[in-house]
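Protein chains in written order, with our numbering: chain A, 1 to 305; chain B, 306 to 622.
A virtual CB, placed ideally from N, CA and C, is assigned to each residue, including glycine.
Quantities reported herein were computed from a predicted structural model and do not represent experimental measurements.
In what follows, a structure is listed as C-alpha cells, so that the remarks can point back to it.
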Amino acid sequence: MSNWLDKIMPSMIRSESKQRTSVPEGLWKKCPKCGAFLYRPELEKNLDVCPKCEHHLRLTARRRLDIFLDPEGRQEIAADLEPVDRLKFKDSKRYKDRLAQNQKATGEKDALVVMRGKTLGIPLVACAFEFNFLGGSMGQVVGEKFVRAANIALEERIPLVCFSASGGARMQEAILSLMQMAKTAAVLEKLKQAGVPYISVLTDPVFGGVSASLAMLGDLNIAEPYALIGFAGPRVIEQTVREKLPEGFQRSEFLLEHGAIDMILHRHELRERIACVLAKFTGQPKPAHEEAPHYEESQVPVTRD
Amino acid sequence: MNPNYLDFEQPIADLEAKIEELRLVGNDTDINITDEITRLKAKSVSLTENIFSDLTPWDIARVARHPRRPYTLDYIDLMFDDFDELHGDRRFADDLSIVGGTARLDGQPVMVIGHQKGREIRDKVKRNFGMPRPEGYRKALRLMEMAERFRLPILTFIDTPGAYPGIGAEERGQSEAIAYNLAVMSRLKTPVISTVVGEGGSGGALAIGVCDRLYMLQYATYSVISPEGCASILWKSAEYAAQAAEAMGVTADRLQELGLADRVVTEPLGGAHRDMAAMAVSLKAALKDGLAELGKLPLDELVKRRYERLTAYDTGR
C-alpha cells in the first residue's frame with residue numbers, strides 16, 4: 001500500500017513524510033508542502049488548508065461532503081453496499097483481509113461516499129472518494145455507487161457533483177475494475193444527453209482509471225490548487241521517457257494551462273462558486289453570499305436511503 | 306536460442322529446425338528421408354499439443370505478445386477487401402499506433418479500427434510499440450462517429466500494452482481522450498464488436514473496446530494493468546509477474562467465466578502465429594456470426610442493451 005502511494009506522490013512529499021518528527025500525533029500536523037507545524041483545531045477551521053502556504057491537505061470523504069453540503073436534509077445513498085472478493089485475489093495479503101483492514105481504519109465500506117443534499121439551497125447529489133481506503137481505488141462498489149448517484153440525479157433532474165481523489169482502478173478486482181471506467185462513463189453520457197449538469201472536482205491526487213473516466217467528463221472540470229492529476233503516474237512517465245519531468249508537471253496549474261480543466265478553485269470558494277454555476281445551469285436565482293467558510297461539523301443526523 | 310520463439314517453444318523450434326535441415330539434405334541427395342520427416346512432423350505436432358495444453362496465465366500473456374503474433378494490419382489483409390486506411394485526428398497528428406478505415410467483410414461495408422504494433426525495430430518505433438497517444442484515440446473516435454453516420458458496423462481489434470505514458474500525451478489530455486471515447490462509444494447507434502487479438506492493456510485497450518460483443522482469441526489477455534505492473538506494485542517486484550497474471554485472471558477462459566468475454570475464438574495449434582491464415586478464417590467466421598446477430602436488433606434496442614450490459618452490477622459486466 002505505501003509503495004503504491006509512493007508511486008503517485010511527488011518526490012518532495014514522499015521524502016518529507018519519511019522524516020521522523022517528535023511532534024505528538026493529534027494536536028499538531030505538519031504541512032506536507034511547506035513543513036510548517038500547524039495547530040490542528042486552527043487547521044480544521046481553515047478547512048485543512050495550510051495557513052502558511054495555502055497548501056490544500058487531503059480530506060476524508062465524509063469531511064469533504066460535510067464542508068460542501070448544507071447541514072440540513074442530507075441523505076446517504078447506497079451506504080450498505082459492500083465489496084465482494086469475486087476473484088479471490090491474493091498477493092502478499094488476501095484482498096479480503098485488505099478490505100477488512102481498510103474498512104476498520106476508515107470506517108467506510110468502500111472508497112466512495114454518496115449523499116443527496118443541498119449546497120446553498122441548490123438540491124444535488126454529491127459523491128466523494130475516500131483516498132484512505134485502498135488509495136481511493138475504483139472497483140465494483142465505487143462504480144455502482146457512482147451510477148446510483150447519477151441515476152438519482154437523472155430521475156430528479158438535479159446536478160451531480162463528484163470530488164475525486166484516487167490512484168485509479170483497483171488492481172485486486174482486476175478486469176472487473178477496468179469495466180467500471182466504461183460503466184461510469186456510460187451513465188455520465190446519459191446525464192449529458194439529458195442536460196443534467198455534472199461537475200467533476202479533482203482533488204489531490206487523481207490518476208489512472210478514475211482520471212480516464214468519470215473525473216475528466218464533467219461539464220465543468222474543477223481542480224483544487226496544486227493537486228496532482230494525470231493518466232500515468234510521474235514515476236512511470238519518468239522511467240518511460242528517461243528525462244526529467246518539467247517543473248509543475250501534472251499539477252492543477254499545468255492542467256489549466258493545457259486546457260484540461262475549466263478552473264482552479266480555492267477550497268474556501270468551492271461551495272459558493274459551484275452553487276452559483278449550478279444555479280445558472282438549472283435556472284435558479286443566484287444563491288445568497290456566504291460570509292465565512294462553512295466548516296462546522298453538521299449536528300443534523302444524516303438519513304439513509 | 307531463436308528470438309522468434311518463446312522459451313517454452315524452444316523444443317518446438319529445435320525440432321522444426323531439424324526438419325528444415327533434413328529437407329535441405331533430402332534435396333541434395335538420393336537418400337529417401339520422407340519417412341523421417343513425416344515422423345518428426347508428427348512428433349512436432351504432439352510436442353506442441355503437449356506444451357500448449359498446459360500453459361500458465363503468464364505463458365499465455367507471453368504468447369499474446371509473441372513477436373510473430375499477427376497484428377491488426379495482418380488481419381485486415383487476410384479478412385477484409387477494399388480497405389481504405391483513414392488517417393489523422395484532424396486536431397494534432399496521425400497516431401500510427403492505431404489504424405483504421407472502411408473495408409468490406411465478404412461484401413458488407415464496415416469500419417475497422419485497431420491497435421497496431423510494429424514487426425521490425427523501425428516499424429516498432431513508428432508504431433510506438435502499439436501504445437497510443439491522445440491523437441490515436443481521437444482518430445479512432447472520429448472514425449467511429451463516421452461509421453455511425455454512414456451506418457457501418459464497427460469492428461475493433463485490441464492489441465496494446467496500454468496508453469502511452471509520456472509528457473506530450475499528458476499535455477494533450479490522455480485521460481480525457483480515453484474517457485471521452487468510453488462515453489461516446491456507450492451510445493453509438495451502430496453495432497460494435499471488439500476482439501482482443503493480443504494484449505488488452507487497461508484503459509488504453511478499453512478506449513476502443515466498449516462494445517456489444519467482446520471476443521477474445523484463445524491466447525489473448527485483457528487486464529486492468531500488465532502483470533509486471535501489478536507485480537511491481539503489489540509484490541514490490543516485477544519478477545512476480547507470473548503470480549500477478551494468475552491472481553488477476555487475465556486469460557480468455559477466465560474472462561468468459563466472469564461473463565465478460567462473449568466468445569473465445571480458438572487459435573491454431575501452437576498459437577495464431579503458427580498459422581495466420583487459419584486464424585483469420587476462424588475469426589472472420591466468428592465476426593460474421595456476430596454481425597448477423599446484432600444486425601437483427603433495431604438500433605435503439607441495440608444501444609439499450611449495450612447500456613444495460615455496461616452498467617449492470619455484480620454480474621461481471
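Item: Using a C-beta to C-beta distance shorter than 7 Å, which residues of chain A count as neighbours of B:V515?; Value: A182
Item: Taking its Cβ as the centre, do 16 or more other Cβ atoms sit within 10 Å of A:A153, making it buried, or is it exposed?; Value: buried
Item: Under a three-way DSSP split, which group does A:E16 fall into?; Value: Residue confidence for A:E16 is low, a pLDDT of 45 falling below 50, so the modelled location carries little weight; the figure read from the coordinates is stated next. Helix, per DSSP.
Item: Closer than 8 Å by beta-carbon distance: list the chain C residues that pair up with A:M171, in chain order.; Value: Looking for chain C here will not work: the only protein chains present are A and B.
Item: Beta-carbon of B:A488 versus every beta-carbon of chain A: anything under 8 Å?; Value: yes
Item: Look at B:A613 and A:M216 and say whether their C-beta atoms are less than 8 Å apart.; Value: Reading off the sequence shown, one finds Glu at residue 613 of chain B, where the question assumed Ala. No. Outside cutoff.
Item: Taking the alpha-carbon of B:G600 as reference, which of B:Q561, B:D517 and B:L352 has the nearest alpha-carbon?; Value: B:D517
Item: Which same chain residues end up closer than 8 Å to A:R40 when comparing Cβ atoms and leaving out the 5 residues on each side of it in sequence?; Value: G26, L27, W28 and K29
Item: Where B:L360 and A:P32 are concerned, what is the direct C-alpha to C-alpha distance, given to the nearest angstrom?; Value: 48 Å
Item: List the residues of chain A whose Cβ lies closer than 8 Å to the Cβ of B:E544, in chain order.; Value: Going along chain A, no residue has its Cβ under 8 Å from B:E544, so there is no contact; the nearest lies around 13 Å.
Item: Could you give the C-beta distance for A:V306 and A:M263, rounded to a whole number, given that I count them as a contact under 8 Å?; Value: Any property of residue 306 of chain A remains undetermined from this structure, which presents chain A solely from 1 to 305.
Item: At what residue ranges does the stretch 367-444 of chain B contain a whole run of the beta strand (DSSP E), taking only runs of 3 or more?; Value: 386-390, 403-410 and 413-420
Item: Taking the C-alpha atoms as reference points, what is the distance between B:A398 and B:E440?; Value: 6 Å
Item: Can you check whether the C-beta of A:E189 is within less than 8 Å of a C-beta belonging to chain B?; Value: yes
Item: I need the straight-line Cα distance from A:L47 to A:L124, nearest angstrom please.; Value: 22 Å
Item: At 7 Å on the CB atoms, spell out the chain B contacts of A:D91, in chain order.; Value: L539, W540 and A552
Item: Got a sec? Which residues, its chain only, sit under 7 Å from B:V608 by beta carbon, not counting five neighbours each side?; Value: R492 and K494
Item: Restricting to Cα atoms, I'd like to know which of B:L522, B:W363, B:A536 and B:S358 is closest to B:T571.; Value: B:L522
Item: So is A:V201 in contact with chain B if we call contact Cβ pairs under 8 Å?; Value: no
Item: Please name the residue, chosen from B:R443, B:V417 and B:E425, that lies closest to B:R396 on a Cα-to-Cα basis.; Value: B:R443
Item: Taking the alpha-carbon of A:L191 as reference, which of A:K183, A:L178 and A:N151 has the nearest alpha-carbon?; Value: A:N151
Item: Using the Cα positions of B:V529 and B:M451, report the straight-line distance between them to the nearest angstrom.; Value: 29 Å
Item: Would you call the stretch 501-510 of chain B and the stretch 524-540 of chain B in contact, with 3 or more CB pairs under 8 Å?; Value: yes
Item: Alpha carbon to alpha carbon, how far is A:V302 from B:P458? Give it in angstroms, no decimals.; Value: 49 Å
Item: Give the interface partners of A:Q250 over in chain B, defined as CB-CB distance under 8 Å, in chain order.; Value: E475
Item: Rank B:L378, B:D389, B:R559 and B:K323 by C-alpha distance to the C-alpha of B:L448 and give the top, closest one.; Value: B:D389
Item: How would you write the range of the alpha helix (DSSP H) that B:D340 sits in, first residue to last?; Value: T339 to F357
Item: To which residues does DSSP link B:G505 through a beta bridge?; Value: B:T465 and B:Y527
Item: What's the gap between the Cα of A:Q75 and the Cα of A:V196?; Value: 20 Å
Item: State yes or no: is the beta carbon of A:F231 nearer than 8 Å to at least one beta carbon in chain B?; Value: yes
Item: Please report the distance separating the alpha-carbon of B:I338 from that of B:L320.; Value: 15 Å
Item: B:K431: which of B:A543, B:L446, B:V404 and B:L574 sits nearest, CA to CA?; Value: B:V404
Item: Are B:G471 and B:R424 closer than 8 Å when you measure CB to CB?; Value: no
Item: Rounded to whole angstroms, what's the CA-CA distance from A:S17 to A:N132? Just pull it up for me.; Value: For A:S17, the predicted model reports a pLDDT of 46, less than 50, meaning its position is unreliable; a value from the coordinates is still stated below. Their backbone Cα atoms lie some 16 Å apart in a straight line.
Item: Given a threshold of 16 other Cβ atoms within 10 Å of its Cβ, counted over all protein chains shown, does A:G208 qualify as buried or as exposed?; Value: buried
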